[in-house]
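Numbering (our numbering), first residue to last: 2 to 513.
Report on one structure; see the data block that follows.
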Amino acid sequence: MLIVKFILGLVPIIWLIIALTGLKMPGYKACGIAIVFAAVVALFYKHLPLVSVGTAFLEGVFSALWPIILVILAALFVYALTLETGAMEEIKAMLSSVSRDKRVLGLIIGWGFGCFMEGMAGFGTAVAIPASILVALNFDPISTVLALLIVNSTPTAFGSVGVPTTSLASATGLAVNALSANTVRIEVLLMALSPFLFVIVIGKGFKALKGMIPFTLIASASFVIPNFIIGSFIGPELPDIIGSICSMILMILVALKMKDKEVPEEYLVGGDGGEQKTLNLTMNSALRAWSPFILIFVLLLFTSKLFPFINGPLSSISSSINIYVGEGASPTGFTWINTPGVWIILSGIIGGLIQGASIGKILGVLVGTVKKNVKTIVTICSVLATAKIMVHSGMTTDVADVLVAVTGKFYPLFSPLVGVLGAFVTGSGTSTGVLFGPLQSASATQLGLSPEWLCAANSLGAGVGKMISPSNIALATASAGLAGRENEILSGVFKYCILYAVVGGIICFAFV
Numbered sequence: 002m003l004i005v006k007f008i009l010g011l012v013p014i015i016w017l018i019i020a021l022t023g024l025k026m027p028g029y030k031a032c033g034i035a036i037v038f039a040a041v042v043a044l045f046y047k048h049l050p051l052v053s054v055g056t057a058f059l060e061g062v063f064s065a066l067w068p069i070i071l072v073i074l075a076a077l078f079v080y081a082l083t084l085e086t087g088a089m090e091e092i093k094a095m096l097s098s099v100s101r102d103k104r105v106l107g108l109i110i111g112w113g114f115g116c117f118m119e120g121m122a123g124f125g126t127a128v129a130i131p132a133s134i135l136v137a138l139n140f141d142p143i144s145t146v147l148a149l150l151i152v153n154s155t156p157t158a159f160g161s162v163g164v165p166t167t168s169l170a171s172a173t174g175l176a177v178n179a180l181s182a183n184t185v186r187i188e189v190l191l192m193a194l195s196p197f198l199f200v201i202v203i204g205k206g207f208k209a210l211k212g213m214i215p216f217t218l219i220a221s222a223s224f225v226i227p228n229f230i231i232g233s234f235i236g237p238e239l240p241d242i243i244g245s246i247c248s249m250i251l252m253i254l255v256a257l258k259m260k261d262k263e264v265p266e267e268y269l270v271g272g273d274g275g276e277q278k279t280l281n282l283t284m285n286s287a288l289r290a291w292s293p294f295i296l297i298f299v300l301l302l303f304t305s306k307l308f309p310f311i312n313g314p315l316s317s318i319s320s321s322i323n324i325y326v327g328e329g330a331s332p333t334g335f336t337w338i339n340t341p342g343v344w345i346i347l348s349g350i351i352g353g354l355i356q357g358a359s360i361g362k363i364l365g366v367l368v369g370t371v372k373k374n375v376k377t378i379v380t381i382c383s384v385l386a387t388a389k390i391m392v393h394s395g396m397t398t399d400v401a402d403v404l405v406a407v408t409g410k411f412y413p414l415f416s417p418l419v420g421v422l423g424a425f426v427t428g429s430g431t432s433t434g435v436l437f438g439p440l441q442s443a444s445a446t447q448l449g450l451s452p453e454w455l456c457a458a459n460s461l462g463a464g465v466g467k468m469i470s471p472s473n474i475a476l477a478t479a480s481a482g483l484a485g486r487e488n489e490i491l492s493g494v495f496k497y498c499i500l501y502a503v504v505g506g507i508i509c510f511a512f513v
């Protein structure tokens with residue numbers, strides 16, 4: 002009976018793995034079929050009423066459209082507009098003046114700036130915006146997406162100014178600072194290794210570390226040490242933000258010091274042997290080129306929880322709508338103004354005007370961005386619809402319950418896998434914590450273990466699972482111009498997900 006529950010609970014996930022990696026099926030098709038599998042199991046095995054399945058589907062679609070797809074389209078819109086106005090050429094020239102080495106720029110943008118975007122906004126911005134910039138700098142799109150998915154795993158718990166951890170605390174009744182402290186302890190090793198893996202993936206092999214170990218060590222330590230200290234002693238709101246700012250400042254200073262160092266031709270920024278277009282840049286032209294990204298930084302910062310007198314009133318402009326009508330239903334919340342996608346689109350519009358674009362051109366780019374990404378929209382809506390059907394029917398809980406029952410005292414070794422499962426299905430660290438945090442806490446109490454530790458393992462697993470989540474992969478491929486090639490990304494990143502989950506499980510078991 003247990004094995005039947007386990008297998009049937011995993012049917013949509015098994016299908017997605019087979020379809021994306023074995024059959025090489027485009028994401029929008031594979032994820033659309035996954036809805037059917039989830040619905041069949043929910044209707045005929047879990048006996049969920051048809052109306053409940055239908056409204057779970059709708060809840061997933063609307064949750065995908067706002068705020069996840071909004072963020073994706075916003076990031077792509079800003080990128081497309083900077084291309085249209087020519088500002089991206091100036092940005093490329095400025096970045097190249099910091100370093101001509103792809104590995105160095107990759108760490109500054111993908112690791113430093115990416116972790117900052119995760120800490121400030123989350124919701125995919127940490128992958129979408131760095132991916133668009135790096136691809137514009139002629140980075141290989143496939144390796145760029147793989148590297149960004151890897152390094153975006155460990156900052157997830159403290160993303161969106163700590164929302165995943167504070168939500169986990171609310172769901173479990175555990176002290177938020179204790180959860181924060183345990184999370185940084187269980188993640189610190191993998192977090193420190195992430196920049197090294199980034200360089201290896203971007204540089205397509207261990208050879209890329211040659212001459213880069215000191216710089217990569219600086220990139221790692223300058224983020225991890227502040228992150229660890231703040232997460233351990235202050236709380237979950239600031240570890241990513243302070244860590245990424247420290248890391249970016251140090252990396253840029255060191256990069257400028259080593260600017261004249263010879264760079265192997267394969268790692269030179271730009272094509273044709275690394276030759277860059279020379280532009281006569283003034284301070285005004287630099288600010289104009291960077292204006293959308295500066296505005297993103299400013300607007301996300303001042304509307305965040307760091308400024309409650311702004312955040313509070315704006316966040317109150319929201320609605321709670323009863324979409325799902327089955328047992329255990331709760332309203333779905335929508336924040337209409339204070340959500341990252343809104344601020345990113347607004348930054349793009351204002352930045353485009355500053356760069357000299359007309360309203361007509363800006364709107365044309367926005368409409369064109371939506372049209373080009375219809376398949377991505379379908380993919381992510383399908384993933385979230387599948388997730389909601391699985392959650393409301395109890396399929397995900399069945400899988401987790403069986404895992405606890407079968408592993409017994411060895412459960413801590415597999416505890417991060419529960420988080421991986423949640424993130425694979427939902428694509429969200431916050432949702433994974435709310436979904437499986439209570440299960441992890443109850444399992445810890447039953448086994449006489451620390452609930453804070455196993456919930457921290459769940460947070461680690463949630464970040465790791467985002468590497469292989471179809472919704473995150475669809476976001477990443479869209480940002481890098483790879484829509485329809487989700488299977489290549491899943492195949493490429495899967496081994497890193499397994500590596501992180503295994504190492505995380507060993508750490509969890511060893512120090513429980």
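Each residue gets a CB set at the ideal place from its N, CA and C atoms; glycine is no exception.
Computed from a predicted model, the values in this text were never measured in an experiment.
What do you get for residue 224, buried or exposed, if any count of 16 or more other CB atoms within 10 angstroms of its CB means buried? Residue 224 sits at position 223 when you count from the first residue of the sequence shown. Counting other Cβ atoms within 10 Å of its Cβ, residue 224 reaches 16 or more and is therefore classed as buried.
Within 10 angstroms of the Cβ of residue 314, are there 16 or more other Cβ atoms? Answer buried if so, exposed if not. Along the sequence shown, read from residue 1 onward, the residue named residue 314 stands at position 313. By the neighbour-count rule (16 or more Cβ atoms within 10 Å), residue 314 is not buried but exposed.
Whole angstroms are fine: how far does the CA of residue 415 sit from the CA of residue 402? Within the sequence shown, numbered from 1, the residue matching residue 402 stands at position 401. Within the sequence shown, numbered from 1, the residue matching residue 415 stands at position 414. Each residue's alpha carbon lies about 12 Å from the other.
With a threshold of 8 Å (Cβ to nearest heavy atom), would residue 441 be considered close to the ligand MN? Only the bare structure without any ligand can be found here, which leaves the ligand MN out of the picture.
Quick test of your reading: residue 439 and residue 57, contact by CB under 8 Å. State the CB separation rounded to the nearest angstrom. Translated into positions along the sequence shown, residue 439 becomes position 438. Translated into positions along the sequence shown, residue 57 becomes position 56. About 20 Å separates the beta carbon of residue 439 from that of residue 57, a gap too long to meet the 8 Å contact definition.
In whole angstroms, what separates the C-alpha of residue 302 from that of residue 219? Against the sequence shown, residue 302 aligns to sequence position 301. Against the sequence shown, residue 219 aligns to sequence position 218. Cα-Cα distance, rounded: 25 Å.
Residue 73 beta carbon less than 9 Å from that of residue 83: Walking along the sequence shown from the start, residue 83 turns up at place 82. Walking along the sequence shown from the start, residue 73 turns up at place 72. No, the pair does not count as a contact, with Cβ atoms beyond the cut-off.
Quick one: give me the first and last residue of the beta strand (DSSP E) that residue 340 is part of. Within the sequence shown, residue 340 is the residue found at index 339, counting from 1. From DSSP, residue 340 is part of no beta strand (DSSP E); its letter is neither H nor E.
Mind checking who residue 334 pairs with in its DSSP beta bridge? Within the sequence shown, the letter at position 333 stands for residue 334. 321.
Once DSSP output is grouped into helix, strand and coil, what is the label at residue 141? Taking the first residue of the sequence shown as position 1, residue 141 is located at position 140. Three-state DSSP puts residue 141 in coil, outside helix and strand.
Note the first and the last residue of the continuous alpha helix (DSSP H) segment covering residue 454. Residue numbering aside, residue 454 sits at position 453 when the sequence shown is read from its first letter. 452-466 is the span of the alpha helix (DSSP H), which, as asked, contains residue 454.
Suppose only complete runs of 3+ residues qualify. What are the beta strand (DSSP E) ranges in the segment 94-142, listed by chain order? none
Between residue 365 and residue 424, is the Cβ-Cβ spacing less than 9 Å? The count along the sequence shown starts at 1 and reaches residue 365 at position 364. The count along the sequence shown starts at 1 and reaches residue 424 at position 423. Contact: no.
Selection from 398, 411, 447 and 105 that minimises the alpha carbon distance to residue 437: Counting from one through the sequence shown, the residue named residue 437 turns up at place 436. Closest by alpha carbon: 398.
If you draw a straight line from the C-alpha of residue 22 to the C-alpha of residue 32, how long is it? If you number the sequence shown from 1, residue 22 lands on position 21. If you number the sequence shown from 1, residue 32 lands on position 31. About 13 Å.
Name the DSSP bridge partner or partners of residue 1? Lying outside 2 to 513, the shown extent of the chain, residue 1 is not represented and no answer is given.
Rounded to whole angstroms, what is the Cα-Cα separation between residue 466 and residue 85? Taking the sequence shown and counting its residues from 1, the one referred to as residue 466 is at position 465. Taking the sequence shown and counting its residues from 1, the one referred to as residue 85 is at position 84. Residue 85 has its alpha-carbon roughly 35 Å from the corresponding atom of residue 466.
Span of the alpha helix (DSSP H) around residue 284: In the sequence shown, the residue the question calls residue 284 occupies position 283. That run of the alpha helix (DSSP H) goes 284-303.
Whole angstroms are fine: how far does the CA of residue 118 sit from the CA of residue 277? Taking the first residue of the sequence shown as position 1, residue 277 is located at position 276. Taking the first residue of the sequence shown as position 1, residue 118 is located at position 117. Note that residue 277 has pLDDT 46, beneath the 50 cutoff, so the model's placement of it is unreliable and the number below is only indicative. The alpha-carbon of residue 277 is positioned some 27 Å away from that of residue 118.
Counted within 10 angstroms of its Cβ, other Cβ atoms place residue 121 as buried (16 or more) or exposed: Taking the sequence shown and counting its residues from 1, one reaches residue 121 at position 120. Around the CB of residue 121, 16 or more other CB atoms lie within 10 Å, so the residue is classed as buried.
Own chain, CB closer than 8 Å to residue 288, minus 5 neighbours either side, in chain order: Your numbering for residue 288 matches position 287 in the sequence shown. Only 295 meet the Cβ criterion.
Please confirm whether residue 111 and residue 149 have their CB atoms less than 9 Å apart. Along the sequence shown, one-based indexing puts residue 111 at 110. Along the sequence shown, one-based indexing puts residue 149 at 148. The answer is yes: Cβ separation under 9 Å.
Looking at the structure shown, is residue 481 part of a helix, part of a strand, or coil, going by DSSP? Translated into the one-based positions of the sequence shown, residue 481 becomes position 480. Of the three classes helix, strand and coil, the one that applies to residue 481 here is coil, per DSSP.
Quick one: any contact between the segment 338-354 and the segment 304-319, if contact means 3 or more CB pairs under 8 Å? yes
Does residue 2 come out as helix, strand or coil in the three-state DSSP assignment? By one-based count along the sequence shown, residue 2 stands at place 1. Of the three classes helix, strand and coil, the one that applies to residue 2 here is coil, per DSSP.
Rounded straight-line distance, which links the Cα of residue 441 to that of residue 410: What you label residue 410 is simply residue 409 of the sequence shown in a count that begins at 1. What you label residue 441 is simply residue 440 of the sequence shown in a count that begins at 1. Approximately 13 Å, taken between the alpha carbons.
Looking at C-alpha atoms only, which residue of 393, 55 and 512 is the closest neighbour of residue 330? Within the sequence shown, residue 330 is the residue found at index 329, counting from 1. Checking every option, the nearest Cα to that of residue 330 belongs to 393.
Output the boundary residues of the alpha helix (DSSP H) element that contains residue 326. Indexing the sequence shown from 1 puts residue 326 at position 325. Premise fails: residue 326 is in no alpha helix (DSSP H) and is neither H nor E.
Suppose the cutoff is 6 Å on Cβ atoms and the five residues either side in sequence are ignored; what does the same chain contact list for residue 163 look like? What you label residue 163 is simply residue 162 of the sequence shown in a count that begins at 1. So the qualifying residues of the chain are 237 and 238.
Where does residue 202 sit, in a helix, a strand or coil, going by DSSP? The residue given as residue 202 occupies position 201 in the sequence shown. Correct three-state label for residue 202: helix.
Considering only their Cβ atoms, is the gap separating residue 434 from residue 451 smaller than 9 Å? Here the question's residue 451 lines up with position 450 in the sequence shown. Here the question's residue 434 lines up with position 433 in the sequence shown. Between residue 451 and residue 434, the C-beta spacing is not below 9 Å.
Cβ neighbours of residue 350 in the same chain (closer than 6 Å, five flanking residues each side left out): As a working note, residue 350 is residue 349 in the sequence shown. Closer than 6 Å at Cβ, skipping near neighbours: 363.
Under 8 Å: do the segment 379-389 and the segment 467-483 share three or more Cβ pairs, one atom per stretch? yes
To which residues of the same chain is residue 25 closer than 7 Å at the C-beta, ignoring the five residues directly before and after it? Counting from 1 along the sequence shown, the entry for residue 25 is found at position 24. In chain order, 488 place their CB closer than 7 Å to the CB of residue 25, counting only its own chain and leaving out the 5 sequence neighbours on each side.
Tell me, to the nearest whole angstrom, how far the beta carbon of residue 105 is from that of residue 257; I am working on the premise that it is less than 8 Å. Start at 1 with the first residue of the sequence shown, and residue 105 comes out as number 104. Start at 1 with the first residue of the sequence shown, and residue 257 comes out as number 256. That belief does not hold up - the Cβ atoms of residue 105 and residue 257 are roughly 10 Å apart, past 8 Å.
Measuring alpha carbon to alpha carbon, tell me which of 136, 34 and 184 ends up nearest residue 458. Locating residue 458 in the sequence shown gives position 457, where the first residue counts as 1. If we check each option's Cα against that of residue 458, 184 comes out closest.
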